[in-house]
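Before any comments, here is the structure.
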Amino acid sequence: MGRTPLAGTEQRHSVQELEDLAFELRQKLLHLCGTYEGAVHIGGDLSAADIFTALFHYGLNVDPSDIANPERDRFVLSKGHAAVCMYIAMAMRGFFSYEGIVQTYGQLDSAYGMHPCKVQLPGVECSTGSLGHGLPLAVGMALSARHRGDDHRVVCLLGDGETGEGSVWEAVMAARSNRLGNLVAFVDRNRQLMTSFAEERVSFEPYPDKWRAFGWNVVEIDGHDMSQLVAAIDALPDTDSDTPTVVIAETVKGKGVDFMERNLAWHAGSLGAEDLERALAALAASREKETV
Amino acid sequence: MPVTFTFGEMLSARSVIGSTLAELGADYDNLWVLTPDIGATLVEFRDTYPERFLDVGLAEQACVGIAAGLAYDGNIPVVSGMLPFLSMRALEQIRTDVCYPNLPVKIIGTHGGLVGNGGSTHYAVEDLALMCALTNMTVTSIGDPLMVGEIIRQSMTMQGPIYIRLAVGKKDMVLYEPGQHKVRIGKGIIAREGTDATIFTHGTTVAQALQAAEEIAKDGRSVRVVDMFTLKPIDEELILRCAEETDGRFVVLEDHLAYGGLASRIADVLADRGVCLTAFERLGIPQVYAGFGEDEQLRDKHGYGLKDTIAATRRVLAAS
């Protein structure tokens with residue numbers, strides 16, 4: 001992002017390498033979903049896996065060995081139910097141990113649960129889970145950065161469904177009113193709510209126009225195309241600009257596993273050993289198809 | 001300029017919010033003030049530190065969320081506005097964004113209780129019950145304008161969040177001579193000594209309780225008045241001491257629902273400690289939406305005005 005790179009971010013991954021990492025992230029997600037008996041929000045994790053990969057392995061200026069570095073970019077997970085995807089993406093970046101996540105996830109005294117808790121896991125920026133809360137938090141962080149004259153970014157990942165919450169639009173207005181060009185929202189636009197396909201129940205369209213009407217810089221991409229994600233990150237305006245940016249990433253809930261894709265049954269769930277093998281095979285087949 | 005006070009004088013408690021924050025803004029360069037369109041009391045801070053003042057417009061939820069974001073980044077944010085809206089519209093933001101990570105966000109507001117002609121949309125009468133239910137939250141309710149400044153000052157060094165409730169804040173009685181009492185968050189104030197019964201109260205009704213005690217003194221009975229301005233954490237030691245020293249006779253008076261506020265907090269302490277009183281009366285708003293009228297008229301209508309306080313106190317004094 002054109003600013004002083006923190007340790008470990010000097011060498012940036014190629015698109016090919018990022019695609020490999022995203023594949024590995026999905027594999028790791030499925031493994032966790034296959035070993036943990038409770039529900040994992042696997043549908044929305046898979047839809048956001050490429051975005052998480054692009055952010056934690058390319059876009060975000062962060063240093064896993066110095067999590068409180070004031071120059072770090074801040075990442076706010078507004079769609080808190082995708083916590084496990086964030087934990088694993090962060091583990092792959094060196095923040096935590098993946099084994100530690102898989103072995104303790106959801107268990108008593110684990111730092112890793114369904115929604116992120118800053119108190120239990122200081123490596124994450126904030127506690128989220130209830131939808132519609134992340135963007136106001138990010139606005140506060142971006143304001144603070146502005147006030148200090150810092151040039152880091154604040155990046156917030158939202159689900160499109162949660163933008164039904166009014167608090168999101170309150171924050172959208174506040175961000176523009178305060179000219180927070182250091183704020184970037186990514187919307188994981190998978191077009192599914194928990195119990196319905198979005199447009200069946202709520203008219204979101206014309207979705208990008210709604211953000212434009214609020215004065216934001218709107219970038220529309222295919223959220224599973226790593227080169228587009230990288231390009232969107234590369235093209236972000238300077239942090240001292242006046243306009244906050246939203247990257248609306250079109251995605252597929254359950255992406256990469258054919259029986260989960262666009263399937264309302266897979267908002268959250270768990271895989272037994274047999275279904276895990278089936279899911280991993282589907283993931284591999286999907287990748288092969290896309291590589292050809 | 002320091003604000004001076006005279007005992008018994010009517011002052012605007014809410015004006016103290018702005019002047020105190022403006023003064024503290026110099027000492028704390030990380031102090032921010034945010035408001036959802038209720039900025040009149042904050043003009044002094046806004047004009048002195050415009051870069052640390054944020055009016056988000058009518059958006060209580062974002063206001064609290066933004067404050068939490070600022071606090072995550074090492075700032076001390078104050079959210080100031082009307083409590084009926086802050087305590088309810090933004091309740092989940094206060095719980096999830098502020099209390100859950102235990103951030104030093106201060107919610108300071110006006111319009112606690114039945115503050116006049118607003119109607120039930122504009123009365124914060126459930127707020128103390130809601131705030132007391134939140135883990136990590138310190139809950140205060142203040143009537144004396146001098147104390148408003150003092151509590152804000154003390155709150156600056158607190159780790160977690162605090163809720164500071166005023167009445168409408170336009171006309172509040174100076175209850176204490178400056179320096180008369182040691183004011184400390186978490187400790188009640190004995191506003192009037194007495195031995196035969198205790199009236200516990202907070203905020204705007206402290207003045208009324210003092211009047212009631214004065215009236216009853218004419219009967220030759222000695223009534224203690226405790227300004228329990230911190231509802232959470234509650235001063236257990238003082239409650240137990242009053243049970244012992246004032247013959248187990250309690251009246252709890254508050255401009256809040258009669259259940260869920262201070263009376264409930266005190267009853268919890270007594271039950272947990274296995275203390276049986278001789279008599280206990282709670283005066284507050286019953287389960288009704290209160291309607292319109294002047295503050296005093298509404299208190300009379302709903303059974304917690306001056307006459308009711310005197311009558312209830314006489315009842316507990318007469319109980320055997």
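The listed protein sequences correspond, in order, to chains A and X. Anchor point for the first sequence: position 235 equals 235 in UniProt numbering, and the numbering is continuous, going up by one each time. Anchor point for the second sequence: position 80 equals 80 in UniProt numbering, and the numbering is continuous, going up by one each time. Every residue, glycine too, gets a C-beta built ideally from N, C-alpha and C.
Exposure of residue i, with buried meaning 16 or more beta-carbon neighbours within 10 Å
i: GLU274 (chain A); result: exposed
i: PRO178 (chain X); result: exposed
i: THR96 (chain X); result: buried
i: PRO36 (chain X); result: buried
i: ALA129 (chain X); result: buried
i: PRO286 (chain X); result: exposed
i: PHE95 (chain A); result: buried
i: MET194 (chain A); result: exposed
i: TYR289 (chain X); result: exposed
i: SER320 (chain X); result: exposed
i: PRO101 (chain X); result: buried
i: PHE75 (chain A); result: buried
i: SER144 (chain A); result: buried
i: GLY220 (chain X); result: exposed
i: SER264 (chain X); result: buried
i: ARG192 (chain X); result: buried
Check whether residue i and residue j have beta carbons under 8 Å apart
i: THR110 (chain X); j: LEU166 (chain X); result: yes
i: VAL316 (chain X); j: ALA197 (chain X); result: yes
i: GLY44 (chain A); j: HIS81 (chain A); result: yes
i: HIS152 (chain A); j: ASN61 (chain A); result: yes
i: LEU25 (chain A); j: PHE52 (chain A); result: yes
i: VAL84 (chain A); j: THR35 (chain A); result: no
i: MET226 (chain A); j: ALA54 (chain A); result: yes
i: LEU157 (chain A); j: LYS79 (chain A); result: yes
i: LEU180 (chain A); j: VAL139 (chain A); result: yes
i: ASP235 (chain X); j: GLY112 (chain X); result: no
i: LYS253 (chain A); j: ASN190 (chain A); result: yes
i: VAL139 (chain X); j: LEU175 (chain X); result: no
Any chain A beta carbon closer than 8 Å to residue i
i: GLY65 (chain X); result: yes
i: PRO161 (chain X); result: no
i: ARG52 (chain X); result: yes
i: VAL16 (chain X); result: no
i: LEU31 (chain X); result: no
i: ASN136 (chain X); result: no
i: ALA207 (chain X); result: no
Residue i to residue j span [Cα, whole Å]
i: GLY59 (chain A); j: SER80 (chain X); result: 37 Å
i: CYS242 (chain X); j: LEU42 (chain X); result: 39 Å
i: CYS33 (chain A); j: ALA198 (chain A); result: 25 Å
i: VAL218 (chain A); j: ASN136 (chain X); result: 39 Å
i: SER65 (chain A); j: LEU6 (chain A); result: 10 Å
i: LEU24 (chain X); j: VAL251 (chain X); result: 37 Å
i: TRP266 (chain A); j: VAL183 (chain X); result: 57 Å
i: VAL40 (chain A); j: HIS31 (chain A); result: 11 Å
i: SER12 (chain X); j: ALA40 (chain X); result: 12 Å
i: LYS118 (chain A); j: SER127 (chain A); result: 5 Å
i: residue 346 (chain X); j: PHE7 (chain X); result: Outside the shown range of chain X (1 to 320) lies residue 346 (chain X), about which nothing can therefore be said.
i: HIS122 (chain X); j: LEU262 (chain X); result: 21 Å
i: THR204 (chain X); j: MET156 (chain X); result: 24 Å
i: ALA22 (chain X); j: VAL148 (chain X); result: 14 Å
i: GLY2 (chain A); j: ILE17 (chain X); result: For GLY2 (chain A), the predicted model reports a pLDDT of 48, less than 50, meaning its position is unreliable; a value from the coordinates is still stated below. Approximately 43 Å, taken between the alpha carbons.
i: ALA217 (chain X); j: ILE164 (chain X); result: 32 Å
i: GLU44 (chain X); j: HIS202 (chain X); result: 28 Å
i: ARG299 (chain X); j: GLU9 (chain X); result: 22 Å
i: ALA59 (chain X); j: TYR259 (chain X); result: 30 Å
i: ALA279 (chain X); j: GLN159 (chain X); result: 38 Å
Residue-level contact to chain X via CB, residue i, 8 Å cutoff
i: VAL15 (chain A); result: no
i: LEU6 (chain A); result: no
i: CYS126 (chain A); result: yes
i: ALA111 (chain A); result: no
i: SER144 (chain A); result: yes
i: GLU170 (chain A); result: yes
i: HIS81 (chain A); result: no
i: VAL218 (chain A); result: no
i: HIS147 (chain A); result: yes
i: LYS210 (chain A); result: no
i: VAL257 (chain A); result: no
i: VAL40 (chain A); result: no
Near the ligand SAH: residue i beta-carbon under 7 Å from a heavy atom
i: VAL124 (chain A); result: Only the bare structure without any ligand can be found here, which leaves the ligand SAH out of the picture.
Please list the residues of the stretch 77 to 110 of chain X that have a C-beta atom closer than 8 Å to any C-beta atom in chain A, keeping them in chain order.
PRO77, GLU92, GLN93, THR96, ASP97, TYR100, PRO101 and ASN102
Taking Cβ-Cβ distances below 9 Å as the criterion, which residues of the stretch 174 to 208 of chain A are in contact with chain X?
ALA174, SER177 and ASN178
Can you list, in chain order, the residues of the stretch 126 to 141 of chain A whose Cβ is nearer than 9 Å to any Cβ on chain X?
CYS126, SER127, THR128, GLY129, SER130, GLY132, HIS133, GLY134, LEU135, PRO136, LEU137, ALA138, VAL139, GLY140 and MET141
Of the residues that make up the stretch 223 to 253 of chain A, which ones have a beta carbon closer than 9 Å to any beta carbon in chain X?
none
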